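Working notes for the structure below.
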Amino acid sequence: MSETPARTRAKARHRRRRKILATGVPLALVAAGALAYGTDTGVFGPGSARAAGYTAPAWATAGADGFASVDALGQRGTYGGRDGETVTVRTQAELEKYATAEEPYVIVVAGTIRVAPVGKEIKVRSDKTIVGAGTSGQIVGGGFFLGTGVHNVIIRNLTIRDSYQGVWNDKEHDFDAIQMDGAHHVWIDHNDLRHMADGLIDVRKDSTYVTVSWNRLSDNNKTFGIGWTENVATDITVHHNWFRETEQRNPSTDNAAHAHLYNNYLEDVPGTGITSSYGNYARGRTSMVLENSYFQGVNNPVIKDATASLVQRGNVFSGTSGRNESGGTAFDPARFYAYTPDRAADVPGLVRAGAGPRTSIGVADDQQGGTTPKTATTKAATTLTVARDGTARYRTVQAAVDAVPAGNASRVVIAVKPGTYRETVKVPSDKPHVTIQGTGTSRKQTVITYDNAAGTPKPDGSGTYGTSGSATVAVEADDFQARNLTIANDFDEAAHQSLDGHQAVALRTAADKVFLDGVIVTGDQDTLLLDTAAKDRLGRVYMRDSYVVGNVDFIFGRASAVIDRSVITLKKRWNGTSAGYVTAPSTPADRKGFLINRSVVDGDVAAGSFHLGRTWHAGGDAALDPQTTVRDTRLGAAIKSTPWSDMGGFSWKDDRFAEYRNSGPGAGAAGPDRPHLTDSQAAGQEIGDWLGGWVPTAS
C-alpha cells in the first residue's frame, strides 16, 4: 500500500446473529510493551506443551479473561488442564481420582454424579479443567474445594446443586458449591449453581487472580463471599453473572485489593419466597469498580463500608429501593487487562440468554456407557514436527510444508518447536487443511520472521518483491490454521531509506476459511494482508485472541475478515513520529470487508494521531465498495475524532465505514464525520454475517 494517498493509482500495488459469548481480552493495557504483545495466556489461546500431534477441542484449551488471565505468582494466566490428557468421568470415584491427581487433566463430567456423603467438597489440585458435557454434567449434593496454593483451575459448564439441609440461614453445614482457601488463578465460567447449604461460591483466605463469569446463581441465601481475611490481597473479576432469587452476598467483598464487577444481572422477582437483603457489598478496605450492571427489584442494591472505595459507572437500577452507595477512588481495570463492557441496558437479555451451561461443550457420542474413563479424541491428524536445532525431522517450516502431499484431503499439523525461524514460508493453493502451530507455552517462543520489503531487490535480479511478495508467511491454501506463534516482518525502515517501497508484509492470506487463533502478527507498514485468490473468489478469515501490530494500512486487502477479541497495537513510525491508518479495505461491492469486534485498539503513540481506516480502491477501481466496521471495541486516545480518511481521490463517505457501541477515550458520538450503525443495522453486521455459515473450529 502506498504510504501517501497521492501516489498514482495506476501504479501496481498488491496489498494490501449469532452473538459469540466473548468475555474480554487480557493484559492489553498494562504498559507499552504489553500493548505490543500482552500476555501469552488468558483468552488469547495459550499454546499447548503437549506431545506434538495432539489437538484438543477448543473448549478444553480455552483460557480465562479478567484477573484470572494476569501473569502473577509464577503462573502465566489460567488455562487449566490443557497440557494433560482429556478424560471422561461418570462416577464420584472417577471424578476424585482425576481431580486429585498430580498431573494436569481436562476432566469431562458426562451425566449426573451424586456426591456421598452429602455436602462433601471434592478436593481439586492444580492444573485441572473440570467441564460438563453439554448440559448433562451435574454435581448433586456436593461441590469442590481448592486449598492453599492450588492454582490454574477451570470449572466450566457444570450444574452444581442441592446440598441444602432444610435450614435457610444454616450455620452448621458449610456445604459450598465451590470453595477456595488460598488458591490463585481460578476461572469459574458458565455454571449453574443453586440450592446449597452454605455459599454457592466462597473465595476466601487470600485467594486471588480469580474470574467468575457467565454463571447462573439462584435459590440461595449466602450466595457469594469474597475475602474474609485481614489482608488486602484478593484480585477478582465478576462479570455477566445472573443472580436470581438470592438473599445476600451478591457478592459480599471483604478487604479485596481489586474487585471489578461489571455486566452482572441481579434480579429479585416479586411475589416469591426469597427477598433480597442487599446486592453488591464493598466491605472493609475493599477497592471496587462496579460498572454497567443491571439491578432489578433488589433491596439495597449497592452498599459500602466507610473504609471501602467503590466507584460506580453506567449501572441501571429498575424498581430497586434502599441503599445505593459509592465513594472514594478505586482503580482502572484496564491497567491489568483489556475488556469491553456491554451496555447495561442490554445486560438482562444477554445474561438470560448466555449464562449457565451451554450445549456446545461436550464429548463424542461414542463415549456412552461403561465406568472406565476414556480419553476424548478427535480424528487423528498427520503431524510433521519442526525444530531448528535438528531434534525433529525438519529444521525449517518450509521444509515441512514442502513435505505435505499436494491435494491432501485431511488435516496436517506442522508442530513447530520454540525458536526463531528466519525464513519465508509459502503454503501453496494445492495444499489445503494445513495447521502451523507453535508447541511452546507462549506464542512469543515460536517466531517466524524475515525482512523483505516491497522495494527489496530479488536475489535473481528480476526486480523487487512488491508488497504481496514481501510476506514472511504467505497462505494460498484453503482451510488453513495458525496458532500459538509469532509471524513478523522485521524490515528496518530507518536503515533502508533509499529503497522505493517500505511496505513489508508479515502475513498474507489469499484463501478461504483461514483461522488465525492466538497469534501475534507484527510489523510496521502493511503488516497483515487479508486477500483472496482472485477478485471473484471468496476469502473468509477469522482471527481471534490475537495481536496485530503496525502503523500504516497495517490491516488491508479484499478479504471478508473478522478480528475478534484481539488487540490491535498502534506503533510509531521509524522516525519516532505518530501517524497512521489501522485498516485499508479494498472490498468488492457484493462482499463483506473487515469487522473488528470486541477488541482493543491502542498503543504508545500520540493522542489523536491514527485513523481507524481509509478507503482503498486498488488500481483505481471505482466499482469497489471498501468496508470496515468497528464495534464493541475499546478505542484508545490515539484514535482521531474523525476516524476515517479518503485515499487516492476516493471519498470514504461513498463507501462503508461505521462504528457501533465502542468505548474508551478514542470513542466518539455519531455525526457526519463519524457514522454509527443503528441497532437494526448492527444486527446484520455480526460475526455470523461475515462468515456465511462457516464455523471456525480448532483442528
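If you're matching positions, the sequence shown starts at 96 in the working numbering and goes up one per residue. C-beta: ideal position from N, C-alpha, C; glycine also. Quick caveat, the model's predicted, so the values are computed rather than measured.
#1: From the DSSP secondary-structure annotation, give me the bridge partner or partners of V696.
#2: I need the boundaries of the alpha helix (DSSP H) containing V492, first residue and last residue.
#3: Would you give the residue range spanned by the alpha helix (DSSP H) that L680 belongs to?
#4: With distances taken from CA atoms, which of Y357, K399, F412, R438 is nearest D427?
#5: Compare the C-alpha of R685 against each of Q722, T672, V677 and name the closest.
#6: Give every residue of the same chain whose Cβ lies closer than 8 Å to the Cβ of D525, excluding the five residues on either side of it in the sequence, and list them in chain order.
#7: Is it the case that the segment 290–300 contacts the segment 267–277, given that we only count it when at least three CB pairs across the two stretches are under 8 Å?
#8: In chain order, what residues of the same chain lie with their CB nearer than 6 Å to the CB of D774, ignoring the 5 residues before and after it?
#9: Does the beta carbon of S313 sit closer than 8 Å to a beta carbon anywhere in chain D?
#10: Please state the DSSP three-state secondary structure of L405.
#11: Along the chain, where does the beta strand (DSSP E) containing T562 start, and where does it finish?
#12: Work out the CA separation of Q776 and D441 for me, nearest whole Å.
#13: Give the straight-line distance between the Cα atoms of V248 and F240, rounded to the nearest whole angstrom.
#14: In three-state terms, what does DSSP make of W337?
#15: Work out the CA separation of A548 and H597 for me, nearest whole Å.
#16: Any idea what DSSP makes of L168, helix, strand or coil?
#17: Run through the segment 339–401 for me and flag every whole beta strand (DSSP E) of 3 or more residues, listed as ranges in chain order.
#18: What is the DSSP secondary structure of L602, reduced to helix, strand or coil?
#19: If you check the beta carbons only, do T332 and S758 fall under 8 Å apart?
#20: With a Cβ-Cβ cutoff of 8 Å, do E191 and I225 count as a contact?
#21: Roughly how many angstroms lie between the CA atoms of A451 and A163, to the nearest whole one?
#22: Starting from the C-beta of W730, find all residues in its chain whose C-beta is less than 6 Å away, skip the five residues before and the five after it, and write them out in chain order.
#23: Taking the straight line between their C-alpha atoms, what separation do you get for N95 and V568?
#24: Tell whether a beta-carbon distance below 8 Å holds between T254 and D297.
#25: If you reduce the DSSP assignment to three classes, tell me which class F162 lands in.
#26: For Y193, name the three-state secondary structure that DSSP assigns.
#27: Cα-Cα, which of D720, T710, D749, G703 is closest to T737?
#28: Would you call the CB atoms of A628 and D648 closer than 8 Å?
#29: Taking just the CA atoms, how far does S258 sit from A211?
#30: So is K630 buried or exposed if we call it buried at 16+ other beta carbons inside 10 Å?
#31: Check this for me: beta carbons of T581 and T617, under 8 Å apart or not?
#32: I'd like the list of long-range same chain contacts for W785, defined as Cβ closer than 6 Å, with 5 residues on each side in sequence excluded.
#33: Are there 16 or more other CB atoms within 10 angstroms of the CB of G675, so buried, or fewer, so exposed?
#34: With DSSP as the reference, please indicate the residues paired to S413 in a beta bridge.
#35: By DSSP, does R185 sit in helix, in strand, or in coil?
#36: Going by beta carbon distance, what residues of the same chain come within less than 7 Å of W789, once the five residues before and after it are set aside?
Walking through what the data contain:
#1: V696 is bridged to I663, L730.
#2: Unbroken alpha helix (DSSP H) run through V492: 492–498.
#3: Before going further, note that residue 680 is Pro rather than Leu in the sequence given. Not the alpha helix (DSSP H): P680 falls in the beta strand (DSSP E), residues 675–680.
#4: Y357
#5: Here residue 685 is Asp; the residue named in the question, Arg, does not match the sequence. The shortest Cα separation from D685 among Q722, T672, V677 belongs to Q722.
#6: A501, G502, A572
#7: yes
#8: none
#9: Of the chains in the structure shown, none is chain D; there is only one protein chain.
#10: strand
#11: Per DSSP, T562 belongs to no beta strand (DSSP E); it is in the alpha helix (DSSP H), 561–564.
#12: 16 Å
#13: Each residue's alpha carbon lies about 11 Å from the other.
#14: strand
#15: 6 Å
#16: coil
#17: List check, beta strand (DSSP E) in window: 347–349, 351–357, 360–362, 375–378, 382–386, 389–391, 397–399.
#18: In the structure shown, L602 sits in a strand (DSSP, three-state: E or B).
#19: Cβ atoms of T332 and S758: not closer than 8 Å.
#20: no
#21: Going by the sequence as given, residue 451 is Gly instead of Ala. Those two C-alpha atoms are separated by around 19 Å.
#22: Per the sequence shown, the amino acid found at residue 730 is Leu instead of Trp. So the qualifying residues of the chain are V696, N757, G759, G761, A762.
#23: With the chain running from 96 to 794 in the structure shown, residue 95 is simply not present.
#24: Cβ atoms of T254 and D297: not closer than 8 Å.
#25: helix
#26: The answer is helix: DSSP assigns Y193 an H, G or I state.
#27: For T737, the closest alpha carbon among the candidates D720, T710, D749, G703 is that of G703.
#28: no
#29: 10 Å
#30: exposed
#31: yes
#32: S655, V657, K687, L690
#33: buried
#34: Q391
#35: Looking at R185 - three-state DSSP - the assignment turns out to be coil, as it is neither helix nor strand.
#36: K608, R635
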